[in-house]
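Under the numbering used here, the letters of the sequence shown match residues -4 to 52, in that order.
Below you'll find the structure, written out as structure tokens, and then a few comments.
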Amino acid sequence: KESIAGKCNVVCISKDARNPQPSDETLQKADFVFYRYFDVGQRKIVEEVDDKSVGME
């Protein structure tokens, strides 16, 4: 298990069309990088987020 304490730079690199892709410079400065999501309703990690999960339905 890992937790984040204090100020840090977190970047999402998901290929989802709604996610703007970070620049190379932003990626180099990132403390943490992620590409998956935790779906609280389903209680599982998912690769893609549907519109219902992000409230766009």
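Glycine residues also receive a C-beta, built at the ideal position from the N, C-alpha and C atoms.
C-alpha gap between residue i and residue j, whole angstroms
{"i": "Y32", "j": "R38", "result": "10 Å"}
{"i": "P17", "j": "E42", "result": "18 Å"}
{"i": "I40", "j": "A12", "result": "19 Å"}
{"i": "Q23", "j": "V35", "result": "30 Å"}
CB contact flag (residue i, residue j, <7 Å)
{"i": "F27", "j": "V5", "result": "yes"}
{"i": "C3", "j": "N14", "result": "no"}
Span of the alpha helix (DSSP H), counted from its first residue to its last, around residue i
{"i": "D19", "result": "19 to 24"}
Nearest-angstrom Cβ-Cβ length linking residue i and residue j, presumed shorter than 8 Å
{"i": "S9", "j": "Y30", "result": "5 Å"}
N- and C-terminal bounds of the beta strand (DSSP E) containing residue i
{"i": "I40", "result": "39 to 41"}
{"i": "Y32", "result": "32 to 34"}
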